[in-house]
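Quick note, the sequences are listed as chains A and B, same order.
Be aware that the first sequence starts at 1, since it is given in the working numbering, and climbs by one per residue.
Be aware that the second sequence starts at 206, since it is given in the working numbering, and climbs by one per residue.
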Amino acid sequence: MNGTPRGVNRVLLALIGLVFLAGGGLMVAVATAPAFAAAWRRQAGRWIQELRDAAGATGVRGGPSWIWLVVAGVLVLLIITMLAWLAAQGRGRTALLVDSYRTGTGPGVAGRVVLQASVAEQAIRNALANRTDLVSATISTYEFRGQTGLKIRLVPRQGAAPEVLAAEVSALVEALESLTGHAVPVVLSLASGARARLTRKERVR
Amino acid sequence: MPGEYLEQVLRRETHSSRALPSIIAALLVCVLALYALLESMLRALDQPAWLADPLELVAAAARWPAGTSPVLLAAAGFVTLLIGLMFFLAAILPGRRAKHVLPHPRLAVVVADEVLAAALARVAKRAAGVAREQVTVVVTRHSVTVSIRPTSGIGVDTEAVRRAVDGELDRINPLPRPQAEIRVAPIGVVGV
């Protein structure tokens, strides 16, 4: 539940994958098939000659060709695209859970309500702190499609009943809702981790 | 089920975001582009090349396989092919995570298959009357396999285990609903 651009990831990965596949396939084919290698040398030799002619013809006052500046510009654009793509991964954490503003015209009191994300995070974490069937609880706040939501990630002890946990977290969320007066979408993820696997399944009570 | 918003969230929770292969691919392309940028800027400024002149590099590729060892070229090509295949498959495969959705009126709930397996193992263990080490549960998207190694000399009531596991699946109600299969090993164990 974060802002990772999944469609962009798929398209760019497919494009980059295809480029690498084509390059690798060319290298393998040239190295193993003599007939293909001959055809490749003929075709590529022609391209190289054209490239050399172009580089020679576009020289600035007998100096180096401006083609290299164009190549450098394209490469800079490519690098910027890649950095923007990197920065877009996993974005979406937010610090505000509620930021509502009401003018005096409608019913109710006019004013602005701001709730920090840590209000909900700490309330839920404290409510879950004494449970013996949980190994850990992580609560984070995300903004996804313009709406703020809570993500509750619980690592239950082995053998804990998932439907019971879901019901109890639901009751907690409803209590929080009536406390703050704002309903937020909530994702509950029951995960497994090394600590759940290695700690004892049941505690002696 | 929750609203359309939570449906979208559930889809994202049960599918991989491909963030890791994306980061690797972006860094790889960045490094290659930075090197090419350096060489082409040196060329544009009429300076000597650092490792190789870009035009000469391309010309050398056009003379393949002359000038290189065919074995080396094939090996390098194979590695490049594998890297490309990795990225391409990461892009086109569905990327489903080992998780099930629990229908809930208020929350979007996803549960890891391992958590589901542990819950089913608990009821199977109780119904079979064996120790926890004698029960193995494997949960996949459409199936649950419960393997029980009975204690030597004591039979396991397969039907009771099946009822217990099916009952627990009904209570948890994961989506998509997997089919349970109970396997009792023909050989028993002593003192696990």
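From the three backbone atoms N, C-alpha and C, an ideal C-beta is built for every residue, glycine too.
All figures in this text were calculated on a predicted structure; none of them were measured in a lab.
Taking the CA atoms as reference points, residue 17/A sits about 10 Å from residue 11/A. Annotation: the continuous beta strand (DSSP E) that includes residue 154/A extends over 147-156. Judged by their CB atoms, residue 387/B and residue 370/B are nearer to each other than the 9 Å cut-off. Fully contained in the region 110-146 of chain A are the following beta strand (DSSP E) runs of length 3 or more, in chain order: 111-116 and 134-144. Listed in chain order, the positions of the region 223-239 of chain B with a beta carbon within less than 7 Å of a beta carbon of chain A are 223, 224, 226, 227, 228, 230, 231, 234, 235, 238 and 239.
For residue 353/B, the enclosing beta strand (DSSP E) stretches over residues 348-353. Here the alpha carbons of residue 13/A and residue 27/A stand approximately 21 Å from one another.
It is roughly 22 Å from the alpha-carbon of residue 348/B to the alpha-carbon of residue 355/B.
Residue contact check for residue 376/B against chain A: a CB pair falls below 9 Å. Within the same chain, and ignoring the five residues on either side of residue 316/B in sequence, the residues whose Cβ sits closer than 7 Å to its Cβ are 304, 305, 307 and 379. Contact between residue 259/B and residue 241/B holds: their C-beta atoms lie close to 7 Å from each other, under 8 Å. In terms of beta-carbon proximity, residue 339/B stays away from the interface with chain A, with every pair separated by 9 Å or more. By the beta-carbon neighbour count (other beta carbons within 10 angstroms, threshold 16), residue 80/A is exposed. Note on residue 158/A: 16 or more other CB atoms within 10 angstroms of its CB, so buried under the neighbour-count rule. Closest by C-alpha distance to residue 321/B, out of 344/B, 233/B and 334/B, is 344/B.
In this structure the region 263-282 of chain B does not lie against the region 123-136 of chain A, because fewer than three pairs of beta carbons, one per stretch, are closer than 8 Å.
With fewer than 16 neighbouring CB atoms inside 10 Å of its own CB, residue 99/A falls in the exposed class. In terms of Cα proximity to residue 187/A, the closest of 353/B, 310/B, 336/B and 318/B is 310/B. CA-CA distance, residue 254/B to residue 51/A, rounds to 18 Å. In the three-state scheme derived from DSSP, where H, G and I count as helix and E and B as strand, residue 268/B is classed as coil. The continuous stretches of beta strand (DSSP E) do not include residue 89/A, and DSSP gives it neither H nor E. Short of 8 Å from the beta carbon of residue 109/A, and not among the five residues preceding or following it, lie these beta carbons of its own chain, in chain order: 102. Judged by DSSP secondary structure, residue 219/B falls within the alpha helix (DSSP H) whose first and last residues are 209-219. Taking a Cβ-Cβ threshold of 7 Å, the residues of chain A close to residue 317/B are 190, 191 and 192, in chain order.
Neighbourhood of residue 285/B in chain A, by CB distance below 7 Å: 20, 23, 24 and 27, in chain order. With a contact defined as Cβ atoms closer than 8 Å, residue 329/B and residue 351/B qualify at about 5 Å. When the beta-carbon positions are compared, residue 282/B and residue 23/A come within less than 9 Å of each other.
Chain B places a beta carbon closer than 9 Å to that of residue 17/A, counting this residue as a contact. Per DSSP, the continuous alpha helix (DSSP H) segment holding residue 327/B begins and ends at 318-333.
Counting other Cβ atoms within 10 Å of its Cβ, residue 299/B stays below 16 and is therefore classed as exposed. Within its own chain, the residues whose Cβ lies closer than 7 Å to the Cβ of residue 165/A, once the five positions on either side in sequence are excluded, are 154, 156 and 190, listed in chain order.
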